[in-house]
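The structure under discussion appears below in the form of structure tokens.
There are 2 protein chains.
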Amino acid sequence: MSLRIAVLGAGAVGRSVVDLAEEYGHTVTAVADSSTAAVDSTGLDPDVVLERKEREGVVGDLALDDALAADYDVLVEATPTTLGDAEPGFSHVQHALERDRHVVLANKGPVAERYDDLRALEVKSEGTVQFEAAVGGAIPVLSTIADFGGEHITAARGVLNGTANFILSRMAAEGLGYEHVLAEAQDLGVAEADPSFDVEGTDAALKFVILANVLNDGGYTLADAEVEGIKNIPGSALDLAAEDGRTVRLIGEATPDGIRVGPRLVPQNGTLAVSGTRNIVQLETEYAGNLNLSGRGAGGPETATAVLSDVSRLE
Amino acid sequence: MSLRIAVLGAGAVGRSVVDLAEEYGHTVTAVADSSTAAVDSTGLDPDVVLERKEREGVVGDLALDDALAADYDVLVEATPTTLGDAEPGFSHVQHALERDRHVVLANKGPVAERYDDLRALEVKSEGTVQFEAAVGGAIPVLSTIADFGGEHITAARGVLNGTANFILSRMAAEGLGYEHVLAEAQDLGVAEADPSFDVEGTDAALKFVILANVLNDGGYTLADAEVEGIKNIPGSALDLAAEDGRTVRLIGEATPDGIRVGPRLVPQNGTLAVSGTRNIVQLETEYAGNLNLSGRGAGGPETATAVLSDVSRLE
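Below, the structure is given as structure tokens:
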């Protein structure tokens with residue numbers, strides 16, 4: 001069945017959702033960026049919207065409220081992640097659920113910071129909330145948990161930030177210092193101009209908060225996570241680790257003891273020592289040992305496939 | 001919802017399903033091994049059945065036909081995999097579908113050798129057919145494909161036989177010959193007394209045939225696979241590979257070019273070079289790069305979790 005999608009957010013993920021929706025059998029009826037919107041209840045032409053965004057920096061002549069009021073079956077919330085009250089993303093989601101529409105989030109804020117509020121809204125709505133894209137990009141972490149049965153998973157750990165992983169991999173492989181590799185990552189577009197969200201561990205922590213919420217049916221926010229970043233790791237620590245067959249990765253975990261993210265020593269060729277921007281999630285199960293899922297944890301088309309799989313699951 | 005399960009086959013997988021069913025909220029109403037059966041429409045006591053199997057080698061005083069005729073919602077087909085007509089497993093499945101019951105297979109035979117026949121029976125039945133346990137034990141390969149959308153997956157490759165992988169890992173790590181390591185694997189219970197199914201590549205090939213059927217909506221049997229085993233790999237080949245930073249693994253693939261299983265050179269610390277009895281499946285996607293799923297590909301409780309996840313998905 002073809003669903004009508006309203007996409008909020010025209011960053012890499014939102015644009016890729018617009019670009020790929022038709023391929024997944026769906027129609028985009030509204031798109032909004034931070035200042036403008038385009039709406040067409042019979043379906044927007046993705047090329048027109050994307051070209052205008054590219055050329056003029058806007059998606060259309062309307063405003064966000066017009067996109068929120070548009071005809072759609074599913075709201076895709078792909079605006080930037082914000083902390084605390086998770087606004088304006090949370091209000092967008094609320095608006096859609098109160099209209100009995102489905103919501104698919106790529107935005108981590110509402111699911112990490114206001115999970116319980118979100119579930120309370122969902123209970124009163126005929127719409128449902130999905131957010132595979134918020135954890136691990138293209139890696140189907142949440143659907144695997146659902147398929148496996150969350151009650152049989154005892155812990156989740158792994159690498160869920162590609163920027164930090166890229167920096168640590170390069171520091172270890174090339175013997176370079178943090179500042180040098182960060183600058184290189186910024187040149188390559190792997191790190192943002194302000195990389196603090198990634199290198200301080202916040203982004204990874206939000207994902208493990210979401211995992212803790214999913215595994216425990218809510219109760220967690222970022223304030224519950226113990227978080228340490230990678231900025232203070234000297235190159236010499238990586239050299240010392242290497243002499244011992246180990247390396248350093250920014251490892252997160254959601255266990256019955258809580259949520260923690262920080263630099264950890266791991267075996268150099270071990271499962272968790274993925275290289276470059278790759279992500280990995282290890283699910284510790286009750287009866288079946290560890291399951292490892294790895295792949296591309298970020299990127300526009302990659303994350304859009306997770307969004308569109310969520311959309312297709314609604315049918 | 002609690003479902004009533006009839007379990008055919010009392011090997012490691014069947015026994016673990018009986019053992020864990022209650023934990024997953026279900027009731028076992030019938031169990032059959034190759035010569036006997038136990039039936040109780042109000043629910044069998046798993047301990048009684050398993051102790052009798054352990055002590056006397058039989059599960060009860062009835063016959064297989066009694067188990068097939070029992071009250072159940074789901075038939076779990078966990079008898080040994082057979083090739084060609086895939087009997088008697090196929091007839092068990094047919095019997096259940098004709099009674100409009102669901103079927104969950106751990107037995108690879110019917111899904112690899114008679115996939116099209118199976119789907120034809122399913123279409124006429126109110127029951128459905130699931131078989132996550134037939135590919136990669138505890139690793140949720142098929143549910144990941146379903147969640148991701150099989151039409152967006154272009155190829156599957158990887159290691160789907162733990163015995164062959166154990167032998168190749170040990171040969172490479174210890175510099176020992178094939179016969180020596182095989183004998184060791186048999187002592188450890190990792191290889192069977194007759195290991196031909198595993199070391200000749202048949203078991204891995206059946207799993208890639210199943211993957212090809214899932215990805216292409218049928219059309220394949222074992223006869224379509226190009227299969228080569230690991231018996232003729234000299235230790236010297238592994239030494240040569242190691243000098244080049246590579247090693248040998250029994251790699252299978254299901255691609256648009258067909259199904260192939262055979263020893264291949266892979267990077268020593270690469271994604272596909274899992275060690276010991278671990279399995280890995282790499283799904284090549286259209287828009288999201290490669291997804292890698294690894295975990296325990298065999299074992300009673302591990303495979304039973306896949307069976308019971310399939311059962312729970314029926315609710």
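Chains as they are written, first to last, in UniProt numbering: chain A, 1 to 315; chain B, 1 to 315.
Virtual Cβ for every residue (Gly too), placed ideally from N, Cα, C.
Note that the coordinates shown come from a computational prediction; the quantities given were computed from them, not determined experimentally.
Per DSSP, which one or two residues make a beta bridge with residue i?
i, result
"Ser-91 of chain B", "Partner(s): none; Ser-91 of chain B has no beta bridge."
"Arg-110 of chain A", "Reading off the sequence, residue 110 of chain A comes out as Pro, not Arg. Paired residues: none, contrary to the question."
"Asn-292 of chain A", "A:Gln-282, B:Ser-294"
"Ile-139 of chain A", "BP columns for Ile-139 of chain A are empty, so no partner."
"Ala-212 of chain B", "Partner(s): none; Ala-212 of chain B has no beta bridge."
"Leu-250 of chain B", "B:Pro-263"
"Val-129 of chain B", "B:Val-103"
"Thr-27 of chain B", "B:Arg-4"
"Leu-75 of chain B", "B:Ala-6, B:Val-103"
"Leu-62 of chain B", "B:Ala-37"
"Ala-32 of chain A", "A:Leu-8, A:Ala-37"
"Glu-226 of chain B", "B:Arg-260"
"Val-18 of chain A", "Looking at the DSSP assignment, Val-18 of chain A forms no beta bridge with any residue, so it has no partner."
"Val-159 of chain B", "B:Ile-280"
"Thr-154 of chain A", "Answer is none; Thr-154 of chain A lacks a bridge partner."
"Thr-255 of chain B", "B:Gly-258"
Could you tell me the alpha carbon to alpha carbon distance between residue i and residue j, rounded to whole angstroms?
i, j, result
"Gln-268 of chain B", "Arg-246 of chain B", "4 Å"
"His-92 of chain A", "Gly-189 of chain A", "29 Å"
"Ala-63 of chain B", "Gly-25 of chain A", "50 Å"
"Glu-126 of chain B", "Met-1 of chain A", "22 Å"
"Gly-158 of chain B", "Asp-73 of chain A", "38 Å"
"Leu-75 of chain B", "Leu-293 of chain A", "30 Å"
"Gly-89 of chain B", "Asp-65 of chain B", "13 Å"
"Asn-165 of chain B", "Val-274 of chain A", "21 Å"
"Glu-243 of chain A", "Gly-295 of chain B", "29 Å"
"Thr-82 of chain B", "Asp-194 of chain B", "15 Å"
"Arg-278 of chain A", "Asn-107 of chain A", "20 Å"
"Glu-51 of chain A", "Leu-215 of chain A", "41 Å"
"Glu-132 of chain B", "Ala-70 of chain B", "24 Å"
"Arg-313 of chain B", "Leu-206 of chain B", "24 Å"
"Ala-120 of chain A", "Ile-210 of chain A", "16 Å"
"Ile-280 of chain B", "His-102 of chain A", "35 Å"
"Pro-256 of chain A", "Leu-265 of chain A", "21 Å"
"Thr-144 of chain B", "Ile-145 of chain A", "10 Å"
"Gln-282 of chain B", "Val-7 of chain A", "31 Å"
"Arg-55 of chain B", "Gly-43 of chain B", "21 Å"
"Asp-203 of chain A", "Ala-306 of chain B", "32 Å"
"Gly-299 of chain A", "Pro-110 of chain B", "40 Å"
"Pro-140 of chain B", "Val-58 of chain A", "42 Å"
Buried or exposed, going by whether 16 or more other CB atoms sit within 10 Å of the CB of residue i?
i, result
"Leu-291 of chain B", "buried"
"Val-48 of chain B", "exposed"
"Pro-234 of chain A", "exposed"
"Glu-253 of chain A", "buried"
"Gly-201 of chain B", "buried"
"Ala-310 of chain B", "The displayed chain sequence assigns Asp, not Ala, to residue 310 of chain B. Label assigned to Asp-310 of chain B: buried."
"Asn-213 of chain B", "buried"
"Lys-124 of chain A", "exposed"
"Pro-301 of chain B", "buried"
"Ser-16 of chain B", "buried"
"Ser-169 of chain A", "buried"
"Thr-303 of chain A", "buried"
"Thr-285 of chain A", "buried"
How many whole angstroms separate the CB atoms of residue i and residue j, which I take to be in contact at a CB cut-off of 8 Å?
i, j, result
"Gly-289 of chain A", "Ala-138 of chain B", "7 Å"
"residue 329 of chain B", "Val-31 of chain B", "Nothing about residue 329 of chain B can be reported from this structure: the residues present for chain B run from 1 to 315 only."
"Asp-45 of chain B", "Ala-10 of chain B", "Between Ala-10 of chain B and Asp-45 of chain B the Cβ distance is about 15 Å, and since that is not below 8 Å, they are no contact."
"Arg-260 of chain B", "Ala-225 of chain B", "7 Å"
"Leu-118 of chain A", "Val-129 of chain A", "6 Å"
"Thr-36 of chain B", "Ile-5 of chain B", "Between Ile-5 of chain B and Thr-36 of chain B the Cβ distance is about 18 Å, and since that is not below 8 Å, they are no contact."
"residue 322 of chain B", "Glu-122 of chain B", "Because residue 322 of chain B is not part of the residues shown, which for chain B are 1 to 315, the question remains open."
"Ala-21 of chain A", "Leu-238 of chain A", "At roughly 43 Å, the Cβ-Cβ gap does not stay under 8 Å, so Ala-21 of chain A and Leu-238 of chain A are not in contact."
The ligand COA and residue i: does the residue's C-beta get closer than 7 Å to at least one heavy atom of that ligand?
i, result
"Glu-98 of chain B", "Ligands are entirely absent from the displayed structure, and the ligand COA is therefore not among its contents."
Residues of the stretch 204-220 of chain B whose Cβ lies closer than 8 Å to any Cβ of chain A, in chain order: Here the close residues number zero.
Interfacial residues, the stretch 191-202 of chain B to chain E, with Cβ spacing under 8 Å: You won't find chain E in this structure, because its protein chains are A and B.
Please name the residues in the stretch 34-54 of chain B whose beta-carbon is closer than 7 Å to at least one beta-carbon of chain A, in chain order. none
Got a sec: which bits of the stretch 131-148 of chain A sit with their beta carbon under 7 Å from any beta carbon on chain B, in order along the chain? Ala-138, Ile-139, Pro-140, Ser-143, Thr-144, Asp-147, Phe-148
Interface residues of the stretch 284-306 of chain A facing chain B [CB-CB below 9 Å]: Thr-285, Glu-286, Tyr-287, Ala-288, Gly-289, Asn-290, Leu-291, Asn-292, Leu-293, Ser-294, Gly-295, Arg-296, Gly-299, Pro-301, Glu-302, Thr-303, Ala-304, Thr-305, Ala-306
According to a CB-to-CB cut-off of less than 9 Å, which residues of the stretch 159-170 of chain A neighbour chain B? none
Chain-ordered residues of the stretch 259-272 of chain A with a beta carbon less than 7 Å from chain B: Asn-269
Closer than 9 Å between beta carbons: that is the criterion. Which residues of the stretch 15-32 of chain B meet it against chain A? Ser-16, Leu-20, Glu-23, Tyr-24
At a CB distance below 7 Å, what residues from the stretch 89-117 of chain B approach chain A? Give them in sequence order. none
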